[in-house]
Amino acid sequence: MSISTVAAARSLDLPAAPDFELRLVEASRSGDRDAFGDLVRLHQRRVFRLAGRFFRAHEEVEEAAQETFLTAWSKLDTYRAEAPFEHWLTRVCLNTCYQRLRKTRSTEELPEALAARPEVDSDARLEVERLLATLPAKDRFLLLMLHGEEWSVAEIAEKLGWSKANVKVRAHRARARLRKLLEESMP
Amino acid sequence: MSERSDRRLELAREALRDHHARLEPDPEFAARVLARLPTAPDPLRWAALRLLPAGLTLALLLGLMVWRELPAGGAVPVSVDELAAWMVDPGGEDGP
Chain A
1 MSISTVAAAR SLDLPAAPDF ELRLVEASRS GDRDAFGDLV RLHQRRVFRL
51 AGRFFRAHEE VEEAAQETFL TAWSKLDTYR AEAPFEHWLT RVCLNTCYQR
101 LRKTRSTEEL PEALAARPEV DSDARLEVER LLATLPAKDR FLLLMLHGEE
151 WSVAEIAEKL GWSKANVKVR AHRARARLRK LLEESMP
Chain B
1001 MSERSDRRLE LAREALRDHH ARLEPDPEFA ARVLARLPTA PDPLRWAALR
1051 LLPAGLTLAL LLGLMVWREL PAGGAVPVSV DELAAWMVDP GGEDGP
């Protein structure tokens, strides 16, 4: 695959041919930064989109995305080509976002999306968003995957490399905590 | 009460669905990542660090061997030549 084909795939967010991607991975492993640059360009939109699920501020999304690729570079040796590179990178990105969420305080951000959606009950929604931001990071992380990405328990387990039972238990606890929080805060 | 609670839960689900920055990387993103990649370590420094534990272990072993082979009575090599001769033939008649 030529560089122009890579560029075209990049702009359309299409997957690169697996053998070409594998060659880029192999070259990156041996220290070829240009090859790694091509890998970054191939996957940056996907990584940005995923990081944007957990963070809203541009700097935070950028930082999480950069950290994902830096981690990928340092751990390329652990990638086994049995699964697509994209799956491995998704796991790296999710783990990076999880670690970053755990480091940040539970009450950041909020409401710019509300202004764009006048049909929602803004006061109630604002209050609910404020409460969501106070949930522990591990709960928000799971709830965002379940209700934001709309991934099933099995999908989350597969993407994170956790057992299904573990995800199920964590999801149950997160939902229970959310329900309790909403009920307790009801005026 | 239950209806309000359900409504709030639905709002929470909506909020989780809408929780997205919707950002795209700019054209310089990859360059910024590459600029942050760690530089290759200096080969001499790398080799020194890798060889240090092996070197220390070897020195320790040699020291131990020498100590165990030292003749009783406290007679120790007095010069480099004598020490070299003794190391080649520690049990020799001409030992120090």
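Protein chains in written order, with our numbering: chain A, 1 to 187; chain B, 1001 to 1096.
We put the CB at the ideal spot given by N, CA and C, even for glycine.
Is residue i helix, strand or coil when you go by DSSP?
i         : result
A/Tyr98   : helix
B/Thr1039 : coil
A/Phe55   : coil
A/Ser204  : No answer is possible for residue 204 of chain A: it lies beyond the span of chain A, which begins at 1 and ends at 187.
B/Ala1030 : helix
A/Glu82   : coil
B/Leu1060 : helix
A/Ser74   : helix
A/Gly161  : coil
In its own chain, which residues sit with a C-beta less than 6 angstroms from the C-beta of residue i, not counting the 5 before and 5 after it?
i        : result
A/Gly40  : A quick correction: the sequence has Val, not Gly, at residue 40 of chain A. Phe69.
A/Leu132 : none
Quick check: is the beta carbon of residue i nearer than 8 angstroms to any beta carbon in chain B?
i        : result
A/Phe141 : no
A/Leu182 : yes
A/Leu144 : yes
Could you tell me whether the Cβ of residue i comes closer than 8 angstroms to any Cβ of chain A?
i         : result
B/Ser1005 : yes
B/Arg1050 : no
B/Glu1024 : yes
B/Leu1060 : no
B/Ala1021 : yes
Can you give me the Cβ contacts of residue i inside the same chain, cut-off strictly under 7 angstroms, excluding the 5 residues immediately before and after it?
i         : result
A/Asn95   : none
A/Val153  : Lys164, Val167, Lys168 and Ala171
A/Leu101  : Phe54, Ala137, Arg140 and Phe141
A/Val61   : Phe48, Ala51, Gly52 and Phe55
B/Glu1028 : none
A/Tyr98   : Phe141
A/Thr71   : Val92 and Thr96
Just curious, the alpha helix (DSSP H) that residue i is in, first and last residue?
i         : result
B/Met1087 : Val1080 to Val1088
A/Arg175  : Lys164 to Glu184
Identify, in the order they occur along the chain, each residue of the same chain with its Cβ nearer than 8 angstroms to the Cβ of residue i, setting aside the five sequence neighbours on each side.
i        : result
A/Lys75  : Val92
A/Ser28  : Ala35, Phe36, Leu39, Trp73 and Leu76
A/Leu182 : Val128 and Leu131
Near-chain A residues of the stretch 1008-1020 of chain B - C-beta to any C-beta below 8 angstroms: Result list: Arg1008, Leu1009, Leu1011, Ala1012, Arg1013, Glu1014, Ala1015, Leu1016, Arg1017, Asp1018, His1019 and His1020.
Chain B contacts made by the stretch 73-100 of chain A, where a contact means CB separation under 8 angstroms: Trp73 and Ser74
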